[in-house]
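Numbering of the sequence shown is given in numbering that gives the first Met the number 0, commencing with residue 0 and proceeding in unit increments.
Some notes on the structure that comes next.
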Amino acid sequence: MKKDNLFYLVGEGVPNRRPTRPYSDTACSFLAAMSELLLTHREFPDVVSFAFFCRRANITRLKAEFGSSEVRLGRGLAFHITPSNIPINFAFSLVYGMLSGNSNVVRVPTKLWPQVDIVCGAINSLLERPEFSELDGGIAMVRYERDDEVTRHFSERCDARVVWGGDETVRAIRCIPIPPRAIEISFADRYSFCVIDEDAIMKLSDAAIARVADGFYNDTYLVDQNACSSPSLIVWLGGARRSPEGRERFWRSVEQSARKYDLAPIHAMDKYSMLCDFLTQDLGVESVARHGNLIYRLKLASLNDVENLRGKFGVFFEYEADDIGEIAPHVTSKWQTLTYFGVEKDTLARFVTDNSLTGIDRMVPIGSALDIGVVWDGYDIIRTLSRVVWI
């Protein structure tokens with residue numbers, strides 16, 4: 000397809016390589032080699048994190064855990080539509096497609112992130128190596144502004160479509176049909192929150208609380224809270240043991256971590272406007288605390304309509320609960336990630352199972368919110384993007 004607004008960063012045309020078994024030796028070796036190339040780009044933490052995910056030891060571990068005795072093959076061609084506000088998401092989506100045995104066409108962000116050029120440059124370099132010649136013609140990375148004609152062109156030819164984006168993006172893409180046998184995975188709007196036991200915070204040394212604060216910073220500020228797994232709501236547990244001193248100690252430490260955050264002037268204005276907008280709505284905001292321009296904290300008296308309370312650039316909502324079970328009535332299928340500190344895993348498991356929750360697909364310690372894996376939003380992605388041949 001030739002259009003003035005369609006640019007190929009890797010490959011050309013529609014990939015047409017035959018499907019392979021998941022975790023093929025060539026795909027695993029390709030990702031390991033890409034990891035080595037990308038680990039040199041220390042100036043981009045998200046690129047380094049992606050490279051760390053692709054390292055040989057991790058891919059070998061994932062392959063061993065997959066351990067399928069079934070006969071499986073990729074579905075054929077996977078078409079990935081990735082978001083523009085998370086610069087490295089497109090690369091993870093490609094990895095899922097490769098590990099599941101598919102050829103892949105990936106729509107990269109329209110925003111000109113340097114991370115996209117770095118990853119695509121590494122892919123092009125590796126495809127020139129003789130040992131990866133069989134992957135040639137199996138990968139296309141494309142950039143185009145929203146254009147239903149281009150999206151339809153790839154959708155009509157795909158065997159699987161992977162859509163990352165907000166609810167409106169998913170609805171719009173679903174208006175464009177895929178072949179009857181093709182499958183679709185959609186990662187739409189999700190809501191994430193954090194649970195912290197205040198007493199546990201009080202027991203930490205200064206060095207330990209600094210590590211927790213750095214982890215919270217990585218979960219939120221590194222992506223301007225744009226990631227669906229970045230928490231907007233912090234639930235403080237304590238009941239009779241509640242110690243506001245622990246809460247303040249935590250936020251003072253987060254403030255120190257956030258001093259390295261580059262808050263652009265336009266984002267500072269957006270952040271203040273967001274605060275004013277929240278305060279003019281009937282959201283049950285009980286009080287507001289500010290740490291300069293770095294942190295805005297809005298304490299909630301209730302959790303009404305909490306899914307629409309999404310902060311950016313360091314805007315957080317807080318709620319006090321005697322027990323984590325108080326949150327259960329508010330959890331819907333939109334709730335994705337629960338990050339935690341000072342709460343036992345058994346308590347978290349009972350919270351989900353005893354309340355038969357329709358939401359919360361992952362529970363990870365503070366600092367791991369952005370750690371993407373082959374299971375995401377409740378999907379076992381490699382198995383979903385491959386098919387079983389029953390013998």
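By construction, the Cβ of each residue, glycine as well, lies at the ideal position given by its N, Cα and C atoms.
No experiment lies behind these values; they were computed from the predicted model shown.
Requested in this report: Count the other CB atoms, across all protein chains shown, that sit within 10 Å of the CB of Ile390; report buried if there are 16 or more and exposed otherwise.
Outcome: Ile390 comes out exposed.
**Report entry** Limits of the unbroken beta strand (DSSP E) element including Pro364
**Finding:** Run containing Pro364: 361-364, per the beta strand (DSSP E) assignment.
Requested in this report: Output the distance between the C-alpha atoms of Phe192 and Ser332, rounded to the nearest integer angstrom.
Outcome: Their Cα atoms are separated by approximately 14 Å.
Query raised in the report: How about the segment 92-104 and the segment 4-22: do they share at least three Cβ pairs that are nearer than 8 Å?
Result: Taking 8 Å as the limit for Cβ pairs, the verdict is that the segment 4-22 does touch the segment 92-104.
Query raised in the report: Can you tell me the Cα-Cα spacing of Val351 and Phe91, whole angstroms?
Result: About 28 Å.
Query raised in the report: At a cut of 8 Å, does the segment 228-238 reach the segment 180-198 through at least three beta carbon pairs?
Result: Remark: three or more beta-carbon pairs, one from each stretch, lie closer than 8 Å, so the segment 228-238 and the segment 180-198 are flagged as touching.
Query raised in the report: In the structure shown, what three-state DSSP assignment does Cys53 receive?
Result: Here Cys53 carries a helix assignment [DSSP, helix/strand/coil].
Query raised in the report: Nearest-angstrom Cα distance between Ala348 and Val149?
Result: Near 44 Å, if we compare the C-alpha coordinates of Val149 and Ala348.
Query raised in the report: Thinking just about the alpha-carbon of each residue, which of Glu247, Ala263, Asp360, Ile122 is nearest to the one in Tyr7?
Result: Out of Glu247, Ala263, Asp360, Ile122, Ile122 has the C-alpha closest to the C-alpha of Tyr7.
Report task. Assess, as a yes-or-no matter, whether the segment 170-185 is touched by the segment 216-230 under the definition of 3 or more beta carbon pairs within less than 8 Å. Result -> Judged by Cβ distances under 8 Å, the segment 216-230 makes no contact with the segment 170-185, as fewer than three pairs qualify.
Query - Nearest-angstrom Cα separation, counted from Glu317 out to Met140 - result: So the two alpha carbons sit approximately 41 Å from each other.
Query raised in the report: Going by the beta-carbon positions, is the gap between Asn84 and Leu93 smaller than 8 Å?
Result: Cβ atoms of Asn84 and Leu93: not closer than 8 Å.
Query raised in the report: Is the Cβ-Cβ distance between Gln255 and Ala212 less than 8 Å?
Result: Contact flag set, yes.
Query raised in the report: What is the DSSP secondary structure of Ile371, counted as helix, strand or coil?
Result: In the structure shown, Ile371 sits in coil (DSSP, three-state: anything other than H, G, I, E or B).
Query raised in the report: For Phe312, does the three-state DSSP call read helix, strand or coil?
Result: DSSP places Phe312 outside both helix and strand once states are collapsed to three, so it counts as coil.
Query raised in the report: To the nearest angstrom, how far is it from the Cα of Pro113 to the Cα of Gly120?
Result: Cα to Cα, Pro113 sits roughly 11 Å from Gly120.
Query raised in the report: Does the separation of the CB atoms of Glu197 and Gly245 fall below 8 Å?
Result: A contact, by the Cβ cut-off of 8 Å.
**Report entry** Straight-line gap, Val373 to Val194 (C-alpha atoms, nearest Å)
**Finding:** Looking at the two C-alpha atoms, the distance is approximately 24 Å.
Query - For Lys298, the three-state DSSP class (helix, strand or coil) - result: In the structure shown, the three-state DSSP call for Lys298 is strand.
Requested in this report: Would you mind reading off the limits of the alpha helix (DSSP H) that contains Gln255?
Outcome: It spans 243-257 - the alpha helix (DSSP H) in which Gln255 sits, taken as one unbroken run.
Query raised in the report: Exposed or buried, Asp158, counting other C-beta atoms within 10 Å across all chains shown (16 or more means buried)?
Result: Asp158 counts as buried, since no fewer than 16 other beta carbons sit within 10 angstroms of its beta carbon.
Query raised in the report: Between Ala327 and Leu356, which are expected to be in contact by the criterion C-beta below 8 Å, what is the C-beta distance as a whole number of angstroms?
Result: About 7 Å separates the beta carbons of Ala327 and Leu356, which is inside the 8 Å limit, making them a contact pair.
**Report entry** Completely contained alpha helix (DSSP H) runs for the segment 133-185, where each covers 4 or more residues
**Finding:** Entirely contained in the segment 133-185, the alpha helix (DSSP H) runs reaching 4 residues are, in chain order, 147-154, 166-173.
Query raised in the report: So, helix, strand or coil for His40, using DSSP?
Result: Coil at His40, not helix or strand.
Query raised in the report: Whole alpha helix (DSSP H) runs in the segment 46-114 with 4 or more residues, listed along the chain?
Result: Listed in chain order, the complete alpha helix (DSSP H) runs (minimum 4 residues) inside the segment 46-114 are 55-65, 88-98.
Query raised in the report: Are there 16 or more other CB atoms within 10 angstroms of the CB of Cys174, so buried, or fewer, so exposed?
Result: Counting Cβ neighbours within 10 Å, Cys174 comes out exposed, since fewer than 16 surround it.
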